[in-house]
Amino acid sequence: MHDWHNFSDEEMRDILDASSAGSAVQQLLASAPNLKRFDAIRRDRSLEADFELNAGDIIAGEPWVCTELESFKALISRRIQRGVYEQLGRLTGLKQLILGHDDVDDTRACHYYEKLAEREYYSEGDVIQKGYQYECLSMTVESGMGAMAGLKELRVLELGAMETGKMDQEWVKVNWPKLGSRYKDTFWTDLGYREYS
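Note that the working numbering has the sequence shown beginning at 3, numbered continuously upward.
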């Protein structure tokens, strides 16, 4: 296990890039209390993630301690989403949450290096609708989103190709009162600086 306290952002990226174990990401999130930003989505928001965020490692791993995290960007499978909601719910300083990706290929439900079975993302017999996300959290109250009610600082929420219902939208209004407030992601990324308002 790495001592993440002593590494710069660039050094952490190199360690994660070199790591063959998906658990390195979980170790980072569970042992880096000062982490401000986690970005595992490529600039083009393609299905090939920079780092593999394994839902099994998240559920089996230690609680995330990076409560000062301000920005979290990742692709996450739906299979164990309640546990992922709980981990995200611990990040009470989160201001920006970006999940999913823009492209949805309705001919294949699983594109992620073709390592995961289609059942990772949806149940057999489900109707696959063109234009909807099947490779991330569903972000509905019914699926367990309530575990993230403590994210009172959240200002930016991007959900690529996801459908939400009226109950989910009402829940968001009540629980995330700052959503839509001005926020500037001041961390340099492949995308450059981006100001949300």
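Virtual Cβ for every residue (Gly too), placed ideally from N, Cα, C.
### Query
Where does ILE100 fall in DSSP's three states?
DSSP, read as helix, strand or coil, puts ILE100 in strand.
### Message
Quick check on LEU90 - is its C-beta less than 7 Å from some C-beta in chain D?
### Response
The structure shown contains no chain D, having only a single protein chain.
#### Entry: CA nearest to the CA of LYS175, picked from ARG157, GLU165 and TYR185
For the residues ARG157, GLU165 and TYR185, the minimum Cα distance to LYS175 belongs to ARG157.
### Task
Determine the contact status of GLY95 and THR69, defining contact as a CB-CB distance below 7 Å.
GLY95 places its beta carbon less than 7 Å from that of THR69.
### Proximity winner among GLY85, LEU37, GLY148 and ARG84, relative to SER73 (alpha-carbon distances)
Closest in C-alpha terms to SER73, from the list GLY85, LEU37, GLY148 and ARG84, comes LEU37.
#### Entry: GLY58 beta carbon less than 7 Å from that of ALA32
No, these two residues do not count as a Cβ contact at 7 Å.
### Task
Have a look at PRO35 and ALA26 and give me their C-alpha separation to the nearest angstrom.
About 15 Å.
#### Entry: Buried versus exposed, by CB contacts within 10 Å (16 or more), ALA151
By the beta-carbon neighbour count (other beta carbons within 10 angstroms, threshold 16), ALA151 is exposed.
### Among ARG184, ALA42, GLU165 and GLN98, the one whose alpha carbon lies nearest that of LEU153
Shortest Cα-Cα distance from LEU153 to any of ARG184, ALA42, GLU165 and GLN98 involves GLN98.
### Query
What span of residues does the beta strand (DSSP E) with GLU160 cover, start to end?
GLU160 -> beta strand (DSSP E) spans 158-161.
### Cβ distance (whole Å) where ILE82 is taken to contact ILE61 below 8 Å
Indeed they touch by this definition, with Cβ atoms about 5 Å apart.
#### Entry: Buried or exposed by the 16-neighbour rule on C-beta atoms within 10 Å, applied to LYS168
By the 10 Å Cβ count, LYS168 comes out exposed.
### Query
Where do the N-terminal and C-terminal ends of the alpha helix (DSSP H) with ALA32 fall, by residue?
Where ALA32 is concerned, the enclosing alpha helix (DSSP H) stretches over 25-33.
### Query
So the beta strand (DSSP E) ALA76 belongs to, where does it begin and stop?
Where ALA76 is concerned, the enclosing beta strand (DSSP E) starts and stops at 73-76.
### Query
Quick one: what does DSSP say ARG184 is sitting in, helix, strand or coil?
Here ARG184 sits in coil by DSSP.
### Backbone secondary structure at ARG84 - three-state DSSP
If DSSP states are grouped into helix, strand and coil, ARG84 belongs with the helices.
### Task
May I ask which residues mark the beginning and end of the beta strand (DSSP E) holding ARG92?
Segment: none, ARG92 is in no beta strand (DSSP E) and carries neither H nor E.
### Task
Report all residues from its chain with a CB closer than 7 Å to the CB of LEU1; omit the five preceding and five following residues, and keep chain order.
Since the first residue of the chain shown is 3 and the last is 199, residue 1 is not available in this structure.
### Query
Name the DSSP bridge partner or partners of ASP41?
DSSP, once it has assigned bridges, lists LYS75 as partnering ASP41.
#### Entry: DSSP state of ASN36 mapped onto helix, strand, coil
Assignment of ASN36 by DSSP, reduced to helix, strand and coil, places it in the coil class.
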